[in-house]
Amino acid sequence: MATKSKKNTWKYWLAGSLGFILVVVIVATYYMTGPVVSCVLPAEGAIEAGWSMRRITSDGRERCYAIYAPSDYDPSQPIPLVVSLHGFLSNPHSQAIISDWHSLAEDEGFLVVYPQGTRFPQRWDSGMTWGVSGVDDVQFFMDILDDLSSNAAVDSSRVYVNGFSNGGGMTVHLGCEASQVITAMGTVAGAVVE
Numbered sequence: 724m725a726t727k728s729k730k731n732t733w734k735y736w737l738a739g740s741l742g743f744i745l746v747v748v749i750v751a752t753y754y755m756t757g758p759v760v761s762c763v764l765p766a767e768g769a770i771e772a773g774w775s776m777r778r779i780t781s782d783g784r785e786r787c788y789a790i791y792a793p794s795d796y797d798p799s800q801p802i803p804l805v806v807s808l809h810g811f812l813s814n815p816h817s818q819a820i821i822s823d824w825h826s827l828a829e830d831e832g833f834l835v836v837y838p839q840g841t842r843f844p845q846r847w848d849s850g851m852t853w854g855v856s857g858v859d860d861v862q863f864f865m866d867i868l869d870d871l872s873s874n875a876a877v878d879s880s881r882v883y884v885n886g887f888s889n890g891g892g893m894t895v896h897l898g899c900e901a902s903q904v905i906t907a908m909g910t911v912a913g914a915v916v917e
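The working numbering applies: residue 724 is where the sequence shown begins, and numbers increase by one.
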């Protein structure tokens with residue numbers, strides 16, 4: 724009878740462990756690919772040092788982006804801006820983890836923005852087949868710049884854009900459509916189809 728009890732205990736332990744692992748995988752997948760939950764609690768007013776989420780209306784839709792300002796950020800002194808775009812199946816948090824631009828921003832003194840794409844899974848309308856019809860992500864980029872010009876000290880002559888995968892494709896798209904406001908751009912594994 725003790726052997727049967729040990730077998731049942733082992734089964735329950737295995738089932739519980741697998742269930743726990745499944746929950747962790749689901750939560751991690753949602754965290755890395757889903758919308759950013761903190762967008763529902765955006766910051767308002769002037770940009771301050773550290774992390775914050777901003778929510779704006781762009782092309783009739785509520786959109787959001789994360790921003791990091793270095794600890795020595797002085798709102799009276801214009802500084803450069805880096806915009807880093809996440810890939811397909813990703814979001815601003817995972818792009819921050821992957822790219823780590825905010826660490827360099829802290830050391831070198833610039834603002835970094837991690838915008839959020841649309842829908843689930845998150846993506847950009849970079850002119851490719853998996854974009855979201857009716858979404859104008861070029862306008863979203865321009866609206867982010869407008870929001871920052873009202874709430875931060877951005878040096879408009881030093882606006883840089885980069886992206887990964889679908890975000891890299893969107894970076895190229897912005898380079899074509901918003902070249903008048905972008906100083907330089909770069910991509911990693913940029914998904915571009917012509």
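Beta carbons: idealized from backbone N, C-alpha and C, even for Gly.
Just so it is clear, the structure is predicted and the values come from calculations on it, not from any experiment.
Run of the beta strand (DSSP E) containing residue i, from where it starts to where it stops
{"i": "E785", "result": "784 to 792"}
{"i": "F887", "result": "877 to 887"}
{"i": "S781", "result": "773 to 781"}
{"i": "T702", "result": "Outside the shown range of the chain (724 to 917) lies residue 702, about which nothing can therefore be said."}
{"i": "S799", "result": "Where S799 is concerned, there is no enclosing beta strand (DSSP E), given that its DSSP letter is neither H nor E."}
{"i": "L834", "result": "834 to 838"}
Status (buried if at least 16 other CB within 10 Å, exposed otherwise) for residue i
{"i": "C787", "result": "buried"}
{"i": "S902", "result": "exposed"}
{"i": "T910", "result": "buried"}
{"i": "S822", "result": "buried"}
{"i": "S807", "result": "buried"}
{"i": "Q800", "result": "exposed"}
{"i": "I820", "result": "exposed"}
{"i": "S826", "result": "exposed"}
{"i": "W824", "result": "buried"}
Residue i versus the options, residue with shortest Cα-Cα distance
{"i": "R778", "options": "P803, D870, T894", "result": "D870"}
{"i": "A912", "options": "D848, F811, P801", "result": "F811"}
{"i": "V861", "options": "V904, W774, A828, S794", "result": "V904"}
{"i": "H816", "options": "V835, Q800, W847, A789", "result": "A789"}
{"i": "G857", "options": "D782, S740, G773, M776", "result": "D782"}
{"i": "P844", "options": "G768, N814, T906", "result": "N814"}
{"i": "F863", "options": "L804, T780, A876, N874", "result": "T780"}
{"i": "A876", "options": "D859, L804, D830", "result": "L804"}
Cα-Cα separation, residue i to residue j
{"i": "E970", "j": "M865", "result": "Not covered by the structure: residue 970. The range shown for the chain is 724 to 917."}
{"i": "G892", "j": "G886", "result": "7 Å"}
{"i": "N731", "j": "G832", "result": "59 Å"}
{"i": "S888", "j": "K734", "result": "42 Å"}
{"i": "E771", "j": "S880", "result": "21 Å"}
{"i": "S702", "j": "S740", "result": "Within the shown structure, residues of the chain are numbered from 724 to 917, placing residue 702 beyond reach of any answer."}
{"i": "A802", "j": "E767", "result": "The displayed chain sequence assigns Ile, not Ala, to residue 802. Whole-angstrom Cα-Cα distance: 20 Å."}
{"i": "D795", "j": "R846", "result": "33 Å"}
{"i": "P798", "j": "E900", "result": "29 Å"}
{"i": "M776", "j": "S849", "result": "23 Å"}
{"i": "G840", "j": "T906", "result": "22 Å"}
{"i": "M755", "j": "D878", "result": "Any reading at M755 must be qualified, since the residue scores a pLDDT of 49, below 50, and its modelled position is unreliable; no value is offered."}
{"i": "A769", "j": "D830", "result": "22 Å"}
Distance cut-off 7 Å: residue i Cβ against heavy atoms of the ligand HEM
{"i": "S849", "result": "No copy of the ligand HEM appears in this structure; indeed no ligand is present at all."}
Own chain residues within Cβ distance below 8 Å of residue i, not counting five before or after
{"i": "M908", "result": "Y883, V884, N885, T894, V895, L897, G898"}
{"i": "I749", "result": "Below a pLDDT of 50, predicted positions are generally treated as unreliable, and I749, at 49, falls in that range; no measurement from the model is reported."}
Residue range of the alpha helix (DSSP H) that includes residue i
{"i": "S822", "result": "815 to 822"}
{"i": "L868", "result": "860 to 874"}
Close Cβ partners of residue i (< 6 Å) along its chain, the five nearest in sequence each way excluded
{"i": "Q818", "result": "S807, H809, Y837"}
{"i": "W774", "result": "Y791"}
{"i": "A828", "result": "Y791, P793, V835"}
Cβ neighbours of residue i in the same chain (closer than 7 Å, five flanking residues each side left out)
{"i": "P765", "result": "M776, R777, R778, C787"}
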